[in-house]
Amino acid sequence: MGVEPRLPDVPERQNGEILGVGVDLVHISGLAEQLHQPGTVFAERAFTARERRDAARRADVTGSAQAEHLAGRWAAKEAFIKAWSQAVNASAGRAVPPQLSPEAVDWREIELITDRWGRPSLRLTGAVAVAVTDSLGDGAAGPQHWPVSLTHDGDWAAAVVLYSASRSASLDRPDRA
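The following block contains the structure:
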């Protein structure tokens, strides 16, 4: 009989804690169908002009469909809503009604942007940023609190979004009073 291997210790948190996590999975061909329906305004209501341009550019560079890149962005927006809701509940220590009704969410105020290396992050603006700040505190709408990861496999796009409540850097450094 063998001995089961010991799992590694969980590292101590350094600069905060994860209060919310959201995951979403989008069927790329289903989104493509929706985008190509005559008269649809889904893309204009769901994505910023920058997101649409970036998806078109990535599709041109990689020879893929634009819907593949928009599906990842849509998954990130949905995952953000889930992570935000979970973070608000965790912060309150109880179930709290949504800060914005689903009808009041302007999806363009949850923008997936990338740095020059293509690494994604979220940029929150407008009523969404105000509601996040009201529900989680000053600075909570900053991109450093919302790490995002995207993946694509076959006809699927997925995103994971976390809410990390960081402590002030001055509290972590012993040389600061």
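Here the working numbering is used: the first residue of the sequence shown is 3, the next is one more, and so on. Cβ coordinates follow ideal geometry from the N, Cα and C atoms, glycine included.
Are the Cβ atoms of residue i and residue j separated by less than 8 angstroms?
i      : j      : result
TRP86  : TYR165 : yes
ALA92  : GLY22  : yes
VAL163 : ALA81  : yes
ILE30  : ALA73  : yes
Since I believe residue j is in contact with residue i (beta carbons under 8 angstroms), could you give me their beta-carbon distance rounded to a whole number of angstroms?
i      : j      : result
ALA77  : LEU27  : 6 angstroms
LEU152 : VAL130 : Between VAL130 and LEU152 the Cβ distance is about 19 angstroms, and since that is not below 8 angstroms, they are no contact.
VAL90  : LEU124 : Incorrect: roughly 16 angstroms between the Cβ atoms, too far for contact.
LEU114 : ARG54  : About 11 angstroms separates the two Cβ atoms, so there is no contact after all.
GLU19  : ALA133 : Not confirmed; about 21 angstroms, so no contact.
Considering residue i, what are the terminal residues of the alpha helix (DSSP H) in which it resides?
i      : result
LEU72  : 68 to 94
SER103 : Run containing SER103: none; DSSP gives neither H nor E here.
ARG59  : 51 to 64
ARG47  : 44 to 48
GLU35  : 30 to 37
GLU116 : One detail in the question is off: residue 116 reads as Thr in this sequence, not Glu. Premise fails: THR116 lies in the beta strand (DSSP E), 112 to 116, not in any alpha helix (DSSP H).
VAL132 : 128 to 138
State buried or exposed for residue i, treating a residue as buried only when at least 16 other CB atoms are found within 10 Å of its CB.
i      : result
TRP119 : exposed
GLY24  : buried
ALA97  : exposed
ARG121 : exposed
ASP177 : With a pLDDT of only 36 at ASP177, under 50, the local geometry of the prediction cannot be trusted, and no value is derived from it.
GLU35  : exposed
ALA94  : exposed
VAL43  : exposed
ALA159 : buried
PRO40  : exposed
ALA161 : buried
How far does the beta strand (DSSP E) with residue i in it extend, from its first residue to its last?
i      : result
ASP155 : 150 to 155
(Q) For the pair the stretch 48 to 59 and the stretch 95 to 108, tell me if three or more CB-CB distances fall below 8 angstroms. (A) no
Q) Are three or more beta carbon pairs between the stretch 132 to 152 and the stretch 49 to 66 nearer than 8 angstroms? A) no
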